[in-house]
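Chemist: When you read off a place in the sequence shown, starting at 1, and then add 323, the result is the number in our numbering.
No residue lacks a Cβ here, since even glycine has one placed at the ideal position from N, Cα and C.
Here the structure is a predicted model, which means the values were calculated and not measured.
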Amino acid sequence: MFERFSRTARVAVVLAQEEARDLGSDDIGPEHLLIAVLQAAGSGLNALLAGYGLTATAVRSRLAANTLDDADSEALRTIGIDLKAVRDSVARSFGDDALDNALTRSGRRRRRHLPFTRAAKKTLELSLREAVAHKDTVIGCEHLLLGIIRCGDPRAAEVLGAHVGPAALHAEIVALLDAAA
């Protein structure tokens with residue numbers, strides 16, 4: 324299937340591995356593919372996404388802020404730990420990027436190759452289906468993004484939903500593909 328990917332979509336898949344590694348993940352998820360698409364996409368798709376405030380930096384920040392969700396923060400608060408205060412203290416003492424260089428979530432050393440999660444594999448499969456449905460011969464970043472939307476992964480959906488509704492974004496990407504055809 325990888326041979327059907329456009330040059331920019333291939334770059335996005337490679338960048339997704341780098342993003343996962345940089346964020347301390349043990350595997351590549353749809354959220355990493357999203358960041359990579361935001362970096363690799365052509366100007367038309369980038370302009371559309373930037374119009375909603377969807378940039379690689381914004382998504383990275385949102386993912387980093389949501390490593391522990393509100394329920395986790397609340398659970399810690401009930402035993403007297405203010406997670407925001409702890410993060411602020413670490414940043415003051417060791418620098419703003421001190422927590423960025425933490426171990427992976429499982430505590431293991433980072434491997435050279437990261438596997439795709441089931442959701443990321445589903446995203447790639449759905450991107451192929453989107454390309455076929457639009458009678459496109461190659462899978463582009465637009466198709467990858469449509470696959471991310473259709474996949475329904477909670478982390479990617481939360482990040483996208485903070486900027487734009489999935490149905491609206493899907494419709495605009497389809498319009499972009501139709502205009503290019």
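For A373 and A414, I'd like the C-alpha separation in whole angstroms.
Modeler: If you number the sequence shown from 1, residue 373 lands on position 50. If you number the sequence shown from 1, residue 414 lands on position 91. Computed Cα separation, rounded: 29 angstroms.
Chemist: For a quick check, are the C-beta atoms of I471 and L357 less than 8 angstroms apart?
Modeler: Walking along the sequence shown from the start, residue 471 turns up at place 148. Walking along the sequence shown from the start, residue 357 turns up at place 34. Closer than 8 angstroms, so yes.
Chemist: Alpha carbons only, please: which of D411, S450, H486 is nearest the one belonging to F325?
Modeler: As a first step, residue 325 is located in the sequence shown; it is residue number 2 there, counting from the start. Comparing Cα positions, the closest option is S450.
Chemist: Thinking C-alpha only, which one of A443, A498, L500 is nearest R473?
Modeler: Stepping through the sequence shown from its first residue, residue 473 is reached at position 150. It is A443 whose Cα lies nearest to the Cα of R473.
Chemist: Is V336 helix, strand or coil by DSSP?
Modeler: Reading the sequence shown from its first residue, position 13 is the one you call residue 336. Helix.
Chemist: What distance in whole Å lies between the Cβ atoms of E465 and L500, which are believed to be in contact at a cut-off of 8 angstroms?
Modeler: Looking up residue 500 in the sequence shown gives position 177. Looking up residue 465 in the sequence shown gives position 142. Between E465 and L500 the Cβ distance is about 5 angstroms, and since that is below 8 angstroms, they are a contact.
Chemist: Extract the residue ranges of the alpha helix (DSSP H) inside the region 442 to 490, only unbroken runs of 4 or more that lie entirely within it.
Modeler: Runs found: 464 to 474, 477 to 484.
Chemist: So what does DSSP say about I351, is it helix, strand or coil?
Modeler: Counting from one through the sequence shown, the residue named residue 351 turns up at place 28. Strand.
Chemist: Got a sec: is the Cβ-Cβ distance from A381 to anything in chain C below 8 angstroms?
Modeler: The chain inventory of the structure shown lacks chain C, comprising one protein chain alone.
Chemist: Would the beta-carbon of V409 fall within 8 angstroms of that of A363?
Modeler: Translated into positions along the sequence shown, residue 409 becomes position 86. Translated into positions along the sequence shown, residue 363 becomes position 40. No; because the gap between Cβ atoms is not below 8 angstroms, this pair is not in contact.
Chemist: What are the partner residues of F325, as DSSP defines its beta bridges?
Modeler: Taking the sequence shown and counting its residues from 1, one reaches residue 325 at position 2. DSSP, once it has assigned bridges, lists no residue as partnering F325.
Chemist: Can you tell me whether DSSP reads V497 as helix, strand or coil?
Modeler: The residue you call residue 497 lines up with position 174 of the sequence shown. Helix at V497.
Chemist: Would you grab the beta carbon distance between V482 and V336 for me? Rounded to a whole angstrom, and I think it's under 8 angstroms.
Modeler: As a working mapping, residue 482 is identified with position 159 in the sequence shown. As a working mapping, residue 336 is identified with position 13 in the sequence shown. V482 to V336, Cβ: 18 angstroms. No contact.
Chemist: Thinking just about the alpha-carbon of each residue, which of H457, A456, T440, A502 is nearest to the one in A505?
Modeler: The structure shown has nothing for residue 505, since the chain only spans 324 to 504.
Chemist: Are the beta-carbon atoms of L437 and R330 separated by less than 8 angstroms?
Modeler: For the purposes of this step, residue 437 is taken as residue 114 along the sequence shown, with counting starting at 1. For the purposes of this step, residue 330 is taken as residue 7 along the sequence shown, with counting starting at 1. No, these two residues do not count as a Cβ contact at 8 angstroms.
Chemist: Output needed for H486: all residues of its chain with C-beta closer than 7 angstroms, excluding positions within five of it in sequence on either side, in chain order.
Modeler: As a working mapping, residue 486 is identified with position 163 in the sequence shown. Once the five neighbours on either side are set aside, the close Cβ partners of H486 are Y375, G376, L377.
Chemist: Below 8 angstroms on the Cβ atoms is my guess for V360 versus L467; work out the distance and round it to an integer in Å.
Modeler: To locate residue 360, count along the sequence shown from 1; it is residue 37. To locate residue 467, count along the sequence shown from 1; it is residue 144. So it is a contact: roughly 5 angstroms between Cβ atoms.
Chemist: Mind reading off the beta-carbon distance from S396 to L406? Whole number of angstroms is fine, and I expect it under 8 angstroms.
Modeler: By 1-based counting over the sequence shown, the position of residue 396 is 73. By 1-based counting over the sequence shown, the position of residue 406 is 83. Contact flag correct, Cβ pair sits at about 5 angstroms.
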